[in-house]
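*Asks:* For the sequence shown, position 22 matches number 35 in our numbering, and the numbering has no gaps at all.
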Amino acid sequence: MYISILNTCVGCGACAVINPEVFDIQGSKAIINTNRIDDTEDLCIDAAINCPVNAITLNDY
Ligand code: SF4
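(1) Going by the DSSP bridge assignment, what does residue 69 pair with across the sheet?
(2) Rounded to the nearest angstrom, what separates residue 17 and residue 27 at their Cα positions?
(3) Which class does residue 50 belong to by DSSP, given the choice of helix, strand or coil?
(4) Which residues, in chain order, sit with a beta-carbon under 7 Å away from any heavy atom of the ligand SF4?
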């Protein structure tokens, strides 16, 4: 799975609460730890679903 964060991210932190292994907040935007995506895919999907501005995009390889 490949994840990208759109510029529309408002830094609310919801993704980092749902999956702290992959998502973190730096400044006012979410950043991604790509090393942990494969082991936490279900939580990555949950984070994307719960992002209030739909800023998390998921793509299969
Ligand atoms: S949940 Fe969405 S808006 Fe909130 S920090 Fe994560 S990517 Fe940004």
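Backbone N, C-alpha and C define an ideal beta-carbon position, used for all residues, glycine too. Treat the numbers as computed from the prediction; the structure is a model and nothing was measured.
*Replies:* This is what the structure gives:
(1) In the sequence shown, the residue the question calls residue 69 occupies position 56. Per DSSP, 18.
(2) Your numbering for residue 17 matches position 4 in the sequence shown. Your numbering for residue 27 matches position 14 in the sequence shown. One C-alpha to the other measures close to 15 Å.
(3) Locating residue 50 in the sequence shown gives position 37, where the first residue counts as 1. Looking at residue 50 - three-state DSSP - the assignment turns out to be coil, as it is neither helix nor strand.
(4) 18, 22, 23, 24, 25, 26, 27, 28, 29, 36, 38, 42, 43, 60, 63, 64, 65, 66, 68, 69
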